[in-house]
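**Q** For the sequence shown, counting from 1, position 138 maps to 137 in numbering that gives the first Met the number 0; every step adds exactly one.
From the three backbone atoms N, C-alpha and C, an ideal C-beta is built for every residue, glycine too.
All values derive from a computational prediction rather than experimental measurement.
One structure follows; several queries about it will come next.
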Amino acid sequence: MAATATTHLNFTGDARQALTFYQSVFGGGLMLATYGQVGVPQDSADSERAVFAPVDPTSPDAERIAFGMLATDDGLRLAAYDVLGATGGGLAAAGLPGAVGRADGLTHHESCFVLLTSETLEEARALWTDLSEGGTVIQALAPADWAPAYGMLTDRFGVTWVFGIVPAS
């Protein structure tokens with residue numbers, strides 16, 4: 000099995016600064032995508048496709064980080080994003096005031112996710128099935144415009160897992 004897990008830090012406006020800092024410490028390449036570029040996930044536990052709604056370019060969230068990744072040649076991976084609508088800077092924490100509600104009344108206010116990437120959809124589905132048992136599906140594992148699959152669930156222990164597929168080179 001070639002799945003990997005990556006720590007995914009959740010910020011309230013500082014994701015770009017944090018990842019830039021971590022890059023200065025660890026080196027490596029930085030990939031940043033803003034909400035203005037990729038939109039906001041419209042999570043659905045039973046969707047057949049992951050849908051991302053556009054963000055108004057005049058919104059303060061348009062330039063905040065929707066997905067960022069630091070990757071070093073020696074294998075270090077660190078992902079981060081800014082919680083939509085959150086302000087003040089720093090890491091997100093439980094009870095974050097002003098966090099934006101999502102499908103089924105869920106609000107993402109955890110300080111981190113675990114990003115789990117697989118090389119194949121088959122591998123991702125097997126892991127998805129096991130991790131979702133007794134948990135809550137936030138976004139069904141489904142194709143997205145920017146990836147072969149995207150999904151999100153919180154397992155029975157309260158850990159939120161974000162799934163992705165490594166695109167073929």
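Enumerate in chain order the residues of its own chain whose CB-to-CB distance from Ala1 is below 6 Å, with the five nearest sequence positions on each side excluded.
**A** Locating residue 1 in the sequence shown gives position 2, counting from the first residue. Excluding residues within five positions, the ones whose Cβ falls inside 6 Å are Glu118.
**Q** Does DSSP classify Ala44 as helix, strand or coil?
**A** Residue 44 sits at position 45 when you count from the first residue of the sequence shown. It is coil, neither helix nor strand.
**Q** If you run the structure through DSSP and keep just helix, strand and coil, what is Asp154?
**A** As a first step, residue 154 must be located in the sequence shown, where it is residue number 155. Three-state DSSP puts Asp154 in coil, outside helix and strand.
**Q** Does the Cβ of Ala17 have 16 or more other Cβ atoms within 10 Å, making it buried, or fewer, making it exposed?
**A** Taking the sequence shown and counting its residues from 1, one reaches residue 17 at position 18. Residue burial is scored here from C-beta neighbours: Ala17 has at least 16 other C-beta atoms within 10 angstroms and is therefore classed as buried.
**Q** Pull up the distance between the alpha-carbon of Ala70 and that of Thr57, whole angstroms please.
**A** Position 71 of the sequence shown, counting from 1, holds the residue named residue 70. Position 58 of the sequence shown, counting from 1, holds the residue named residue 57. C-alpha separation (whole angstroms): 30 Å.
**Q** Could you check if Phe25 is buried or exposed, using at least 16 other CB atoms within 10 Å of its CB as the buried criterion?
**A** In the sequence shown, the residue the question calls residue 25 occupies position 26. Answer is exposed; the Cβ neighbour count stays below 16.
**Q** For Met151, I'd like the list of residues in its chain whose CB is within less than 6 Å of its CB, leaving aside the five on either flank, ordered along the chain.
**A** Within the sequence shown, residue 151 is the residue found at index 152, counting from 1. The answer, listed in chain order, is Ile137, Gln138 and Val161.
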